[in-house]
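Trainee: Before we start, here is the structure in question, set down as structure tokens.
Numbering (the numbering used here), first residue to last: 1 to 291.
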């Protein structure tokens, strides 16, 4: 059914237990002149700028001035580029396991540490703040996490590093206001509401500090069973159990492909081979031998 009209879109609400909805934003391609400005003046790659759109906004829309700007497809491509190294590596591994060419592996089958990190951070936000209208918005969390990600191969390492780097990508404008730039339209500030409503800024940094503390405690745990208990508290049993099962399956796949390594001294597992890592040998559980 059609929900009440939103500021920039129409929302189709589905009657199901997951509260699924679909937002439809009326749009048209932006002008060639504006795309040229993005590439020459704002250094946005043309491969991303060409997807720029003009959209509606029933609060600020004035066709005598200009349409509001958006570029969801360009943003999605930018997000993919920030994790391309690890995405390609995992896609190649899947291709080997599925005995097909890399191009035939659907992109949705590939899950990188960055994607998992964003899911974990948003889930942590949701459980901590619920429906609080001033809670950190997803686009800021996603953008800062993607900028902070450096193609780490391990989810927990990526989570720790991303949390430690996120704040460094928040800039200041000439008036001293916080700025989180849209990577495909640097003139747009995702944090523009912070100056209007300081509570939004306060809750973001409160959440970031809390998430850093919570996940730092997890880093001190050893083994999935020990990690599971606090994770259940932070995220709920259903979500955690599913995630841990996926981690276990991925670890097994890495081992079977001879791409699992262990750090000497700490025992931390990784799919990245360094001078300080040693290969994890194959093991054959009872009954797995073939005569």
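Ideal Cβ positions, reconstructed from N, Cα and C, are used throughout, including at glycine.
A quick note: this is a predicted structure, and the numbers were derived from the prediction, not measured.
Near residue 114, which residues of its chain fall below 6 angstroms by C-beta distance, leaving aside the five closest residues on each side in sequence?
Mentor: Against the chain shown, residue 114 aligns to sequence position 114. For residue 114, where only same-chain residues beyond five positions count, the Cβ hits under 6 angstroms are 83, 149.
Trainee: Do three or more CB pairs link the region 154-167 to the region 179-189 at distances below 8 angstroms?
Mentor: They do not touch, by the three-pair rule.
Trainee: The beta strand (DSSP E) spanning residue 23 covers which residue range?
Mentor: If you number the chain shown from 1, residue 23 lands on position 23. Its beta strand (DSSP E) spans residues 21-24.
Trainee: Hey, how far is the Cα of residue 90 from the Cα of residue 243?
Mentor: Translated into positions along the chain shown, residue 90 becomes position 90. Translated into positions along the chain shown, residue 243 becomes position 243. When rounded, the distance between both Cα atoms is 17 angstroms.
Trainee: Would you list the residues sitting across from residue 160 in a DSSP beta bridge?
Mentor: Start at 1 with the first residue of the chain shown, and residue 160 comes out as number 160. According to DSSP, residue 160 bridges with nothing at all.
Trainee: Could you name the residues of the same chain whose beta carbon sits closer than 8 angstroms to that of residue 52, not counting the 5 residues immediately before and after it, in chain order?
Mentor: Within the chain shown, numbered from 1, the residue matching residue 52 stands at position 52. Around residue 52: 29, 30, 34, 35, 38, 69, 70, 71, 74, 184, 185.
Trainee: Excluding the 5 residues flanking residue 204 on each side, which residues of the same chain have their C-beta closer than 6 angstroms to its C-beta?
Mentor: The sequence position of residue 204 within the chain shown is 204, counting from 1. Within the same chain, residue 204 has close Cβ partners 136.
Trainee: Work out the CA separation of residue 146 and residue 152 for me, nearest whole Å.
Mentor: Numbered from 1 along the chain shown, position 152 holds the residue referred to as residue 152. Numbered from 1 along the chain shown, position 146 holds the residue referred to as residue 146. Rounded to the nearest angstrom, the two C-alpha atoms are 12 angstroms apart.
Trainee: Hey, which unbroken runs of the beta strand (DSSP E) at 3 residues or more fall wholly within the region 183-245?
Mentor: List check, beta strand (DSSP E) in window: 185-189.
Trainee: On the three-state DSSP scale, how would you describe residue 42?
Mentor: Your numbering for residue 42 matches position 42 in the chain shown. Looking at residue 42 - three-state DSSP - the assignment turns out to be coil, as it is neither helix nor strand.
Trainee: If you run the structure through DSSP and keep just helix, strand and coil, what is residue 66?
Mentor: Start at 1 with the first residue of the chain shown, and residue 66 comes out as number 66. In the structure shown, residue 66 sits in a strand (DSSP, three-state: E or B).
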